[in-house]
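Chains as they are written, first to last, in my numbering: chain A, 41 to 146; chain B, 300 to 923.
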């Protein structure tokens, strides 16, 4: 099967990446993104965690960006949500899925 | 019928997210007319003040703890929600609510405003930090905001009085309802409610011109350096080093002045009063005892000055962020770092500072290990023993051996504390997935007025404690060391015949396996007042007539002669771990509202000290 190389190399990946959803922790620092979903799980503690994140502004559609990541493994990350900045431990960040705003370059 | 005071003052509550400038606004509204206490049964700080409006109305203002939501997750938020809902016993429901919002962060703050509106209490929104917002290019239309929200909105600037006048004008219209107001029934918002609020917040932001996200702000540029994985910890270490330098170097002069002043005052009282039991109580019990704790005031003031400075500028949460991983490895929160830092000066303000830790279990673990940090009261004891037993020579090319031993004692305390924290957190239910969700507010210049008020409140709390619990303990210890008086013709020092002396003789049996003689054992009893009192007590036991700082000088050769090296090392180990400070235990009792934790603390520290000293003594004996 032969397809246009241009469509393969440019159009296709770009379209895919615009849809690409990822865990917040995998978002490269400084990359603007939007929250896709916040879900911690079904347990009582998890529901409470999800609610608290929502109350801080971690809600679908909100602008999000990573400000800083720690040096050590499992260190917390600093996250900009809307106009506020919060330090989240990794298990907290794990509840949040995001989609980058612009396709990543490189 | 109740006797109603002629002009009951309306109660106004300030509510808002943490970091919205609420306390700064409270300081401007009430000035220094503030009362700081605790809410009954919890250790959440209750701040109330009052103000007199131009028309002569007296208004009581309550600064409720910062809250993100009315569905409480922390003790702070629990208090705020309970007070607003009228569910807190002994606290009347506020007549009026001032919801303080940060104009630069309305997107987050408006959610709380919407929740408060649903409560149905009469309220006004204070749109704070409008100056910073304007500088950022965010111009919020306050009138439009008022129209959209359906409540009055007043633009204020947290640190200037201008906008506050408009707020006070609104407060003048507050009237006390004839009947006790019943806040509307509250229900936990569902997912649909939260989504509805989010849409509402976006709609309002769009309407008032606040729907704008920052690009890279100045705070972001500072954070790029301060939170950088390698530079960040280095900067933190440098700041801590400078704070420590200041605490120990700057405080020396005023500490000496207090010491000399108290001694001189005691001497003066001694000359004008005839020799009597009362004079002895006043000079040796009250003055010497309270003086020995009061001497730490300069260190506490300097330390809290820096802590407040770092807090007000926004750096402290960053320090907690940087340390979270290290602290987390023993089950503590990054927030524990501030109280532990304070404890290097004195565990009492350190334990009081644990109030900033929201998780009760984290807070308790931090309280429990705070006294293991090497407080300055240990220094005179360390200095005496190190001076007498550790030779003055350099090792490993240039390091002072005495300094190395002192440093090792500090490290031993920190390592011991981490180990205890690890055991405590393991012993309880697993706390591995403790929430952090720590807000990192934008940096700003500290405000001197707020700094001054905050510092004065800390000093007041410390002085109150010195004047009450600590004073009482000192008098009790004095009595133990003075009664009964020695029989006529007694040859030994008077303390040997007192209750403390008998206790010491009994303790000597207990302490024999760790190498303490009866003189040390007796000195440990009055040494419970404050650790360094043991130095003076040793002087008394060895029947020295010298007073004050001379005791240490005269003691050094004496103990160098009469103690063995293993005994000295064992005593050093004892002082690293032992609960040799009743004031600390009394503070723990107050802060935890229970006898349980001071008792557990005393027991585990005693066990640790005994084990540590026993090991030290046995190993030193075997090696010598």
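All C-beta atoms, glycine included, are put in the ideal place defined by N, C-alpha and C.
Checklist line | Any chain B beta carbon closer than 9 Å to residue 81/A | finding: no
Checklist line | Rounded C-alpha distance that separates residue 357/B from residue 348/B | finding: 11 Å
Note to self: By the DSSP assignment, the alpha helix (DSSP H) with residue 912/B in it spans what residues?
What the structure shows: 895 to 922
Margin query: Relative to the C-alpha of residue 684/B, which candidate in 868/B, 599/B, 813/B, 772/B has its C-alpha closest?
Written below: 868/B
Note to self: Check this for me: beta carbons of residue 554/B and residue 616/B, under 9 Å apart or not?
What the structure shows: no
Next item on the list: Express the C-alpha separation of residue 577/B and residue 551/B in angstroms, rounding to a whole number.
Entry: 32 Å
Margin query: Could you give the first and the last residue of the continuous beta strand (DSSP E) run that contains residue 883/B?
Written below: That residue, residue 883/B, is in no beta strand (DSSP E); its alpha helix (DSSP H) goes 881 to 891.
Margin query: Would residue 627/B pass as an interface residue toward chain A - the criterion being a Cβ-Cβ separation below 9 Å?
Written below: yes
Check: Near residue 382/B, which residues of its chain fall below 8 Å by C-beta distance, leaving aside the five closest residues on each side in sequence?
Finding: 312, 361, 363, 390, 392, 393
Notebook entry, point to check: What are the boundary residues of the alpha helix (DSSP H) that includes residue 429/B?
Noted result: 429 to 434
Note to self: Please classify residue 355/B as buried or exposed, where buried requires at least 16 other C-beta atoms within 10 Å of its C-beta.
What the structure shows: exposed
Item checked: Residues that residue 136/A bridges to, as DSSP identifies them -> 78/A
Notebook entry, point to check: Who are the near neighbours of residue 670/B in its chain, counting only those whose CB is closer than 6 Å to its CB and skipping five residues on each side?
Noted result: 646, 883
Check: Over what stretch of residues does the beta strand (DSSP E) that includes residue 349/B continue unbroken?
Finding: 344 to 351
Margin query: Just to confirm before moving on: does the CB-CB distance between residue 317/B and residue 366/B stay below 9 Å?
Written below: yes
Item checked: residue 108/A Cβ short of 8 Å to the ligand PLP heavy atom set -> Absence of the ligand PLP from the depicted structure is noted, as is the absence of any ligand whatsoever, leaving it without description.
Next item on the list: Return the chain-ordered ranges of every alpha helix (DSSP H) run that is complete within the segment 781 to 855 of chain B and spans a minimum of 4 residues.
Entry: 798 to 810, 817 to 823, 832 to 840
Notebook entry, point to check: If you measure from the beta carbon of residue 728/B to each beta carbon in chain A, is any gap under 9 Å?
Noted result: Only weak support exists for where residue 728/B lies, its pLDDT of 49 falling under 50; the value from the coordinates is given anyway. Chain A, which has no Cβ nearer than 9 Å to the Cβ of residue 728/B, makes this no.
Next item on the list: Within the same chain, show all residues whose beta-carbon is closer than 7 Å to that of residue 84/A, passing over the 5 residues directly before and after it, in chain order.
Entry: none
Check: Under three-state DSSP, which class holds residue 738/B?
Finding: strand
Notebook entry, point to check: Are the CB atoms of residue 350/B and residue 470/B nearer to each other than 9 Å?
Noted result: yes
Notebook entry, point to check: Are the beta-carbon atoms of residue 522/B and residue 118/A separated by less than 9 Å?
Noted result: yes
Next item on the list: Using a cut-off of 9 Å between C-beta atoms, extract the partners of residue 67/A located in chain B.
Entry: Here the premise fails: no neighbours, minimum Cβ distance about 16 Å.
Next item on the list: Find the nearest neighbour of residue 296/B within the set 856/B, 633/B, 533/B, 418/B, judged by alpha-carbon distance.
Entry: Because chain B here runs from 300 to 923, residue 296/B falls outside it and cannot be looked at.
Note to self: For a cutoff of 9 Å on Cβ pairs, would you count residue 665/B as touching chain A?
What the structure shows: no
Notebook entry, point to check: Does the beta carbon of residue 112/A come closer than 9 Å to any beta carbon on chain B?
Noted result: yes
Next item on the list: Tell me whether residue 477/B is buried or exposed, calling it buried when 16 or more other Cβ atoms sit within 10 Å of its Cβ.
Entry: Residue placement at residue 477/B is flagged as unreliable, the pLDDT there being 41, under the threshold of 50; the coordinate-derived value follows with that caveat. Its Cβ having fewer than 16 others within 10 Å, residue 477/B is exposed.
Note to self: Quick check on residue 699/B: does DSSP put it in helix, strand or coil?
What the structure shows: strand
Next item on the list: Using the Cα positions of residue 844/B and residue 772/B, report the straight-line distance between them to the nearest angstrom.
Entry: Residue placement at residue 844/B cannot be trusted, given a pLDDT of 45 that sits under 50; what the coordinates show is reported in the next sentence. Rounded to whole angstroms, residue 844/B to residue 772/B spans 25 Å at the Cα level.
Margin query: For the segment 123 to 134 of chain A, list every residue whose C-beta sits within 7 Å of some C-beta in chain B, in sequence order.
Written below: 123, 124, 125, 126, 127, 128, 129, 131, 132
Item checked: residue 400/B - containing alpha helix (DSSP H), residue span -> Note, residue 400/B: premise wrong, no alpha helix (DSSP H); beta strand (DSSP E) at 395 to 401.
Check: Which two residues bound the contiguous beta strand (DSSP E) that contains residue 126/A?
Finding: 124 to 128
Notebook entry, point to check: Who are the neighbours of residue 454/B on chain A, taking C-beta pairs under 7 Å?
Noted result: Neighbours of residue 454/B on chain A: none; closest Cβ ~18 Å, over 7 Å.
Next item on the list: Return helix, strand or coil for residue 746/B, following the three-state DSSP convention.
Entry: coil
Next item on the list: Could you name the residues of the same chain whose beta carbon sits closer than 7 Å to that of residue 375/B, not counting the 5 residues immediately before and after it, in chain order?
Entry: 343, 364, 365, 366, 657
Notebook entry, point to check: If contact means a Cβ-Cβ distance below 8 Å, which residues of the segment 404 to 420 of chain B contact chain A?
Noted result: 404, 405, 406, 407, 410
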